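> The sequence shown maps to residues 12 to 379 in the working numbering. Ideal Cβ positions, reconstructed from N, Cα and C, are used throughout, including at glycine. Just so you know, these numbers come straight off a predicted model, no measurement behind them.
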Amino acid sequence: MDIYQQYFLDQRRWKMSKEIELDLHFTNRCNLKCDHCLYSSGEDIGEVPVDILNEMITEFATIGANTVHIGGGEPLTRYEDLKSFVHSSSLAGVKPRLITNGLLLTEDKLLELMDYGLEELLVSLDGTERFHNNFRRNNHAYEKAVSALKLGLEHNIFTRVNSVLTSENGEDIKDLLEYTTQLPVSVHAILCLSAMGRGKDIRYLVPEFEYVGNFIEDVQDLCDKHQFSDTKIQIQKGYLEPKIDKTHDYCRISKKNNALIYSTGHVFPCVRFSNYGSPYHEAFSLGNILEDSIIDIWSPDNEKWDLYKRNLERKSDCADELCQGGCRGLMLSETDNIDACDYRCTYEKTGKLPSCIRKYVVINDPYK
Ligand SMILES: C[S@@+](CC[C@H](N)C(=O)[O-])C[C@H]1O[C@@H](n2cnc3c(N)ncnc32)[C@H](O)[C@@H]1O
Ligand code: SF4
Ligand code: SF4
12 MDIYQQYFLD QRRWKMSKEI ELDLHFTNRC NLKCDHCLYS SGEDIGEVPV
62 DILNEMITEF ATIGANTVHI GGGEPLTRYE DLKSFVHSSS LAGVKPRLIT
112 NGLLLTEDKL LELMDYGLEE LLVSLDGTER FHNNFRRNNH AYEKAVSALK
162 LGLEHNIFTR VNSVLTSENG EDIKDLLEYT TQLPVSVHAI LCLSAMGRGK
212 DIRYLVPEFE YVGNFIEDVQ DLCDKHQFSD TKIQIQKGYL EPKIDKTHDY
262 CRISKKNNAL IYSTGHVFPC VRFSNYGSPY HEAFSLGNIL EDSIIDIWSP
312 DNEKWDLYKR NLERKSDCAD ELCQGGCRGL MLSETDNIDA CDYRCTYEKT
362 GKLPSCIRKY VVINDPYK
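1. Any chance the CB of residue 284 is under 7 Å from a heavy atom of ligand 3?
2. Measuring only from the beta carbon, is residue 255 closer than 7 Å to any heavy atom that is part of ligand 1?
3. Let me make sure I understand the geometry here. Which of 150, 157, 121 has the alpha-carbon closest to that of residue 136?
4. Would you check if there are 3 or more beta carbon pairs closer than 8 Å linking the segment 264-273 to the segment 186-205?
5. Indicate, with yes or no, if ligand 3 has a heavy atom lying under 7 Å from the CB of residue 341.
6. Do you know whose CA, among 115, 100, 188, 118, lies nearest residue 140's CA?
7. Put residue 218 into one of helix, strand or coil per three-state DSSP.
8. Which of the three DSSP states is assigned to residue 305 in this structure?
9. CA-CA distance, residue 246 and residue 78?
10. Could you compute how far the alpha carbon of residue 147 sits from the alpha carbon of residue 41?
11. Given a cut-off of 8 Å, decide if residue 129 and residue 111 are closer than it, judged by their beta-carbon atoms.
12. Quick one, which of 142, 81, 169 has its alpha-carbon nearest residue 68's?
13. Can you grab the Cα-Cα spacing for the pair residue 25 / residue 154, in whole Å?
14. Across the segment 46-53 and the segment 201-216, are there enough close Cβ pairs to call them in contact, namely three or more that are closer than 8 Å?
15. What do you get for residue 277, buried or exposed, if any count of 16 or more other CB atoms within 10 angstroms of its CB means buried?
16. Whole angstroms is fine: what's the gap from residue 238's alpha carbon to residue 224's?
17. Which residues bound the alpha helix (DSSP H) around residue 157?
18. Alpha carbon to alpha carbon, what distance is there between residue 119 and residue 383?
19. Beta carbon of residue 43: closer than 7 Å to some heavy atom of ligand 2?
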């Protein structure tokens, strides 16, 4: 497919919105203050009342929302509301997934949430005990996260581990994989550190494409050696290689298949445009569920989409247009220039171009 065919396909997709995955920033309150937190969570910055969230999810389901990641902050700090929201999502046919650091999860709470319709338990683990506890600034973080996972396995809920890859913990995550695949968890997802929120202060730990490439190869070797058969392993690649990745990698916002609702009520088509604490938070919001219905906000007739449509028309000046200039959201938050060419590009040196964060490599997939 050439660049223009792809363009028109994306234009058609622009009008559709189906199978939408919602990331819900359920609260900004948190019982941890991790070094890397992309939402700079900890403080209460206001929350959308649960009756409004329940109404929103029921309406969103009618226009295609099918999964909701309930995160934050730490969603278990808002437990009564969490039960109610899980129930409403499940009744609306939207699969509820809880993302937690595990500290507040007890067996009673897990069973109660499962009774209300919780379908998946996602627990964050960023390495083996020492690394995880340092990163999360809490000496019990690892132990609690592992017991949360074990509870999930014991009660047969789909379990997923999320790890953040930095330029320092590749070896550690490989050791962790040997453990999680033995448990075995259903999915182990590895995401690259994003320079967002408090992550901006440790941007020197964002792994370079070369590091991620070597890490992917090592995990592949590990898989071949141990034949991890029961755990799906997926790694956020963050780059594309024109010789291997044949398709253009436009910004996924054109697909309208992901929404982020912040605890302020503002709605975004990608986390990378949320920028809480800067004027861009309101400027790039598609609307606020405290004021308007999600159906109106997500409608193609909402003029605020025009802010994002330019993503489709983007061109880069360099030799290869496969990346379309990279991630606009990251450039806006990092350089204040939405049109800047993605600074992560190492095309000249390594042939690797920056891509959307939603690009994964699957190493092992027992669910195929
Ligand atoms: C923001 S947390 C919210 C849920 C819960 N408090 C937790 O830690 O699992 C959701 C996920 O985002 C990941 N995350 C946080 N900051 C990040 C960053 N700067 N880049 C990439 N992922 C990040 C966390 O490690 C976690 O897996
Ligand atoms: S990553 Fe999760 S646990 Fe850590 S501060 Fe952010 S919201 Fe809290
Ligand atoms: S390219 Fe950037 S802004 Fe676009 S969807 Fe991917 S991460 Fe979001």
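On the basis of the data shown:
1. Start at 1 with the first residue of the sequence shown, and residue 284 comes out as number 273. Result yes, Cβ under 7 Å from ligand 3.
2. To locate residue 255, count along the sequence shown from 1; it is residue 244. The answer is no for residue 255.
3. For the purposes of this step, residue 136 is identified with residue 125 of the sequence shown, where counting begins at 1. Among 150, 157, 121, the Cα nearest to that of residue 136 belongs to 157.
4. no
5. Here residue 341 corresponds to residue number 330 of the sequence shown, with the count starting at 1. Because some heavy atom of ligand 3 lies under 7 Å away, the Cβ of residue 341 counts as near it: yes.
6. Your numbering for residue 140 matches position 129 in the sequence shown. Ranking 115, 100, 188, 118 by Cα distance to residue 140 puts 188 first.
7. Taking the first residue of the sequence shown as position 1, residue 218 is located at position 207. Of the three classes helix, strand and coil, the one that applies to residue 218 here is coil, per DSSP.
8. Here residue 305 refers to the residue found at position 294 of the sequence shown. Helix at residue 305.
9. Along the sequence shown, one-based indexing puts residue 246 at 235. Along the sequence shown, one-based indexing puts residue 78 at 67. Cα to Cα, the separation comes out at about 20 Å.
10. Taking the first residue of the sequence shown as 1, we reach residue 147 at position 136. Taking the first residue of the sequence shown as 1, we reach residue 41 at position 30. Near 12 Å, if we compare the C-alpha coordinates of residue 41 and residue 147.
11. Walking along the sequence shown from the start, residue 111 turns up at place 100. Walking along the sequence shown from the start, residue 129 turns up at place 118. The answer is no: Cβ separation not under 8 Å.
12. Counting from one through the sequence shown, the residue named residue 68 turns up at place 57. Cα-wise, what sits closest to residue 68 is 81.
13. Within the sequence shown, the letter at position 14 stands for residue 25. Within the sequence shown, the letter at position 143 stands for residue 154. Any reading at residue 25 must be qualified, since the residue scores a pLDDT of 48, below 50, and its modelled position is unreliable; no value is offered.
14. yes
15. For the purposes of this step, residue 277 is taken as residue 266 along the sequence shown, with counting starting at 1. Its Cβ being crowded by 16 or more others within 10 Å, residue 277 is buried.
16. On the sequence shown, position 227 is the one that residue 238 refers to. On the sequence shown, position 213 is the one that residue 224 refers to. Their Cα atoms are separated by approximately 21 Å.
17. Within the sequence shown, numbered from 1, the residue matching residue 157 stands at position 146. Taken as a continuous stretch (DSSP letters only), the alpha helix (DSSP H) holding residue 157 covers 152-165.
18. Any question about residue 383 goes unanswered here, given that the chain covers just 12 to 379.
19. Your numbering for residue 43 matches position 32 in the sequence shown. Yes, Cβ of residue 43 sits closer than 7 Å to a heavy atom of ligand 2.
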